[in-house]
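According to the UniProt record's numbering, numbering within the sequence shown proceeds without interruption in unit steps and concludes at 630. Here the structure is laid out as structure tokens; the discussion comes afterwards.
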Amino acid sequence: DGSKLTDIVNYNAANYAAPNKDMFGIAKGKNVILISLESTQSFLVNREVNGKEITPFLNDFIKESYYFNNFYHQTGQGKTSDSEFIVENSLYPLSRGAVFFTHSGNEYHATPEILNENGYYTASLHANNKSFWNRDIMYQSLGYQRFYEIEDYDVKEENSIGWGLKDVDFFEQSIQHLKEMPQPFYSKFITLTNHFPFVLEKEDKFIEPLTTGSKTLNNYIPTVRYQDEALKKFIQQLKEEGIYDNSIIVMYGDHNGISENHNKAMGELLEEEVTPFVSTQLQRVPFVIHIPGEKGKTISTVSGQIDIKPTILHLLGINAKNDIQFGSDLFSKEKKEFTVLRDGSFITKDYVYTKEICYDKKDGNPVEKDLCTPYIEQANEELDISDSIIYGDLLRFYKMNDGRLEIEDIEME
Ligand code: GP9
Ligand code: MN
């Protein structure tokens, strides 16, 4: 009802983190190249197995980028599609099902739509059937002007593995599409090769599989390494085409690749027992922002996919203040260290709460639940408010008024 809308607006205003003056608009007018890294978790970054780095390119790239090492995925059953939803709406996905399927007809005010209003051309690129995850329908609601899908790629047996077109070929063929786009553009690339069951041809294995008790984890390592190689080639091509210097490159892991079913093998690799605390910490995924001319910096603020939208908007000099969002600009000095996962687990500066246990983040030991209690309520409230926006399609009651989102003055049931 109407009071719900007021709650939402108030909640939003209370949560707003003002932009950092030094960062606001620093990438104004630049292209945005957003890359979704399939099943890529943070524990892979800067890790070696048998004396070899798993992600040598990424390890170098983050040295010249902003790298967030306490950044969590917040997806549910909608997996990759949930990550897309969170990243571009700064809303939570649903607790069951995929919002891309269940609420594709809703009114949203997603990043592509906002950037389009600000003169950007917007496209998503992914070499899978366009209807997978209902993307072809949902992308219209998110404001995409173009979806380069399987029909836009030359996909054949020789250049495919597992789920489809290999990442190296995907990026190579995507360059052509990028060159055709009017600038500035906002383009999203969704990788695919590092997807369960993590199959790869011998010639693409730049690192040996592991020898733990889990075939899944063993094969994951070489497909992650392959994806890393694909990224390296892509960045090289962007440089050769002269696109690199007028673009910010934003990479994020979409969700975990290794589930709790592989805790034992994961424990072997990490050389520690995978408790629910460790398991929650394993939900961290890489988040990288490369801005031409800016030095690299690792930032340890507790954060999540929900923070990407306001962060990008502010870098481009677009104020997110009047938007409905649950995340906040990661460069803001007012950013609160509190990240909620879709299952109600949450992470603060000092605590990790999961499966009804409060853990001390420093040593992973359980502590008195009271220490987490104030946040439990807040976590549930956030998830509830976000859900009510989706279930009630409430963003249809907001309208732009002179560049500001406002509640439409109407009677609600
Ligand atoms: C499918 C790809 C993978 O197009 O995005 O989806 P996932 O299974 O990871 O959700
Ligand atoms: Mn995925």
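All C-beta atoms, glycine included, are put in the ideal place defined by N, C-alpha and C. A quick note: this is a predicted structure, and the numbers were derived from the prediction, not measured.
*Specify, as a first and last residue, the run of the beta strand (DSSP E) that Ala-340 falls within.*
Taking the first residue of the sequence shown as 1, we reach residue 340 at position 123. 338-342 is the span of the beta strand (DSSP E), which, as asked, contains Ala-340.
*Does Gly-295 have its Cβ less than 9 Å from a Cβ in chain B?*
You won't find chain B in this structure, because it holds only one protein chain.
_Taking the alpha helix (DSSP H) that Tyr-325 belongs to, which residues open and close that run?_
One-based indexing of the sequence shown puts residue 325 at position 108. Secondary structure note for Tyr-325: it is in no alpha helix (DSSP H), with a DSSP letter that is neither H nor E.
*Report buried or exposed for Tyr-608, applying the criterion of at least 16 other Cβ atoms within 10 angstroms of its Cβ.*
Along the sequence shown, one-based indexing puts residue 608 at 391. Exposed, because fewer than 16 other Cβ atoms sit within 10 Å of the Cβ of Tyr-608.
_Let me check understanding here. Comparing Cα to Cα, which of Asp-384, Glu-488 and Leu-487 lies closest to Asp-445?_
Residue numbering aside, residue 445 sits at position 228 when the sequence shown is read from its first letter. When Asp-384, Glu-488 and Leu-487 are compared, the shortest CA-CA separation from Asp-445 is found for Asp-384.
*Taking Ala-244 as the reference, which of Gln-258, Pro-401 and Met-468 has the closest Cα?*
The residue given as residue 244 occupies position 27 in the sequence shown. Answer by Cα proximity: Pro-401.
*Quick one: residues in its chain with C-beta nearer than 7 Å to the C-beta of Asp-421, no 5 flanking neighbours on either side, listed in chain order?*
Within the sequence shown, the letter at position 204 stands for residue 421. Hits under 7 Å: Tyr-443.
*When DSSP builds the beta bridges, which residues end up paired with Pro-583?*
The residue given as residue 583 occupies position 366 in the sequence shown. As computed with DSSP, Pro-583 is found in a beta bridge with Tyr-576.
*Give me the Cα-Cα distance between Glu-488 and Val-505, rounded to the nearest whole angstrom.*
If you number the sequence shown from 1, residue 488 lands on position 271. If you number the sequence shown from 1, residue 505 lands on position 288. Distance between the alpha carbons of Glu-488 and Val-505: 27 Å.
*May I ask you to report which of helix, strand or coil DSSP gives Leu-508?*
The residue given as residue 508 occupies position 291 in the sequence shown. As written in the sequence, residue 508 is Ile, which differs from the Leu given in the question. Note: Ile-508 maps to coil in three-state DSSP.
*Using DSSP with H/G/I as helix, E/B as strand and the rest coil, what is Glu-630?*
As a first step, residue 630 is located in the sequence shown; it is residue number 413 there, counting from the start. Note that Glu-630 scores a pLDDT of 38, beneath 50, so its modelled location is shaky and nothing firm can be said.
*asked:* Quick check: is any heavy atom of the ligand GP9 less than 8 Å from the C-beta of Asp-384?
replied: Counting from 1 along the sequence shown, the entry for residue 384 is found at position 167. Result no, Cβ not under 8 Å from the ligand GP9.
*Helix or strand or just coil, what does DSSP make of Phe-278?*
Residue 278 sits at position 61 when you count from the first residue of the sequence shown. Correct three-state label for Phe-278: helix.
*asked:* Please return the same chain residues whose Cβ sits closer than 6 Å to the Cβ of Gly-581, not counting the five positions on each side in sequence.
replied: Taking the sequence shown and counting its residues from 1, the one referred to as residue 581 is at position 364. Excluding sequence neighbours, Gly-581 sits near Phe-494.
_Restricting to runs no shorter than 3 residues, where is the beta strand (DSSP E) found entirely within the stretch 220-262?_
Fully enclosed beta strand (DSSP E) runs of 3 or longer: 248-254.
*asked:* Tell me the residue span of the beta strand (DSSP E) that contains Phe-563.
replied: Position 346 of the sequence shown, counted from the start, is the residue given in the question as residue 563. Note, Phe-563: beta strand (DSSP E), 563-565.
_Pairwise C-alpha distance: Ala-537 and Gly-459_ = Within the sequence shown, residue 459 is the residue found at index 242, counting from 1. Within the sequence shown, residue 537 is the residue found at index 320, counting from 1. The alpha-carbon of Gly-459 is positioned some 30 Å away from that of Ala-537.
*asked:* Given this structure, state the Cα-to-Cα distance separating Asn-229 from Val-557, to the nearest angstrom.
replied: In the sequence shown, the residue the question calls residue 229 occupies position 12. In the sequence shown, the residue the question calls residue 557 occupies position 340. Computed Cα separation, rounded: 16 Å.
_Quick check on Ser-282: buried or exposed, where buried means 16 or more other Cβ atoms within 10 Å of its Cβ?_
Here residue 282 corresponds to residue number 65 of the sequence shown, with the count starting at 1. Burial of Ser-282 is indicated by the presence of at least 16 other C-beta atoms within 10 angstroms of its C-beta.
*Secondary structure at Thr-428, three-state DSSP: helix, strand or coil?*
What you label residue 428 is simply residue 211 of the sequence shown in a count that begins at 1. If DSSP states are grouped into helix, strand and coil, Thr-428 belongs with coil.
_Meets three-Cβ-pair contact criterion under 8 Å: the stretch 310-319 and the stretch 566-583_ = Under the 8 Å Cβ criterion, the stretch 310-319 does not count as touching the stretch 566-583, having fewer than three qualifying pairs.
*Around the Cβ of Ala-231, are there at least 16 other Cβ atoms within 10 angstroms (buried) or fewer (exposed)?*
Mapped onto the sequence shown, residue 231 falls at position 14. Ala-231 is exposed by the Cβ-count criterion.
*Kindly give me the distance between the Cβ atoms of Asn-286 and Thr-515, rounded to whole angstroms, as I take these residues to be in contact under 8 Å.*
Position 69 of the sequence shown, counted from the start, is the residue given in the question as residue 286. Position 298 of the sequence shown, counted from the start, is the residue given in the question as residue 515. About 6 Å; that satisfies the 8 Å criterion.
*Assuming Tyr-289 contacts Arg-501 (C-beta within less than 8 Å), just tell me the rounded distance between them.*
The residue given as residue 289 occupies position 72 in the sequence shown. The residue given as residue 501 occupies position 284 in the sequence shown. Correct: roughly 6 Å between the Cβ atoms.
*asked:* Suppose you measure from the CA of Ala-235 to the CA of Ser-341; what does that come to, to the nearest Å?
replied: Walking along the sequence shown from the start, residue 235 turns up at place 18. Walking along the sequence shown from the start, residue 341 turns up at place 124. Between Ala-235 and Ser-341, the C-alpha separation is close to 29 Å.
*Can you tell which of Lys-280, Asn-237 and Thr-410 has the C-alpha that lies nearest to the C-alpha of Val-262?*
Taking the first residue of the sequence shown as position 1, residue 262 is located at position 45. Ranked by Cα distance from Val-262, the options Lys-280, Asn-237 and Thr-410 are led by Lys-280.
*asked:* For Leu-588 and Lys-552, I'd like the C-alpha separation in whole angstroms.
replied: Here residue 588 is taken as the residue at index 371 of the sequence shown, counted from 1. Here residue 552 is taken as the residue at index 335 of the sequence shown, counted from 1. Cα to Cα, Leu-588 sits roughly 21 Å from Lys-552.
_Suppose you measure from the CA of Tyr-233 to the CA of Gly-544; what does that come to, to the nearest Å?_
The sequence position of residue 233 within the sequence shown is 16, counting from 1. The sequence position of residue 544 within the sequence shown is 327, counting from 1. Tyr-233 and Gly-544 have their alpha carbons spaced roughly 8 Å apart.
*Three or more C-beta pairs closer than 8 Å, one from the stretch 326-344 and one from the stretch 360-371: is that the case here?*
By the Cβ rule, the stretch 326-344 counts as touching the stretch 360-371, because three or more pairs are nearer than 8 Å.
*Tell whether a beta-carbon distance below 9 Å holds between Glu-485 and Thr-408.*
Counting from 1 along the sequence shown, the entry for residue 485 is found at position 268. Counting from 1 along the sequence shown, the entry for residue 408 is found at position 191. Taking 9 Å as the cut-off, the Cβ atoms of Glu-485 and Thr-408 do not count as close.
*Please confirm whether any heavy atom of the ligand MN lies closer than 8 Å to the CB of Lys-296.*
Position 79 of the sequence shown, counted from the first residue, corresponds to residue 296. Within the chosen limit of 8 Å, the ligand MN reaches the beta carbon of Lys-296 through at least one heavy atom.
_So, with DSSP's three-state summary, where would you put Met-483?_
Position 266 of the sequence shown, counted from the start, is the residue given in the question as residue 483. In this structure, Met-483 counts as helix in the three-state DSSP scheme.
*asked:* Whole angstroms are fine: how far does the CA of Glu-511 sit from the CA of Leu-455?
replied: Along the sequence shown, read from residue 1 onward, the residue named residue 455 stands at position 238. Along the sequence shown, read from residue 1 onward, the residue named residue 511 stands at position 294. Distance between the alpha carbons of Leu-455 and Glu-511 is about 18 Å.
*Find the nearest neighbour of Pro-273 within the set Lys-450, Ile-378, Gly-381 and Asn-237, judged by alpha-carbon distance.*
Mapped onto the sequence shown, residue 273 falls at position 56. Ranking Lys-450, Ile-378, Gly-381 and Asn-237 by Cα distance to Pro-273 puts Lys-450 first.
*Give me whichever residues DSSP pairs with Val-557 in a beta bridge.*
Stepping through the sequence shown from its first residue, residue 557 is reached at position 340. Within the DSSP bridge table, the entry for Val-557 names Phe-563 as partners.
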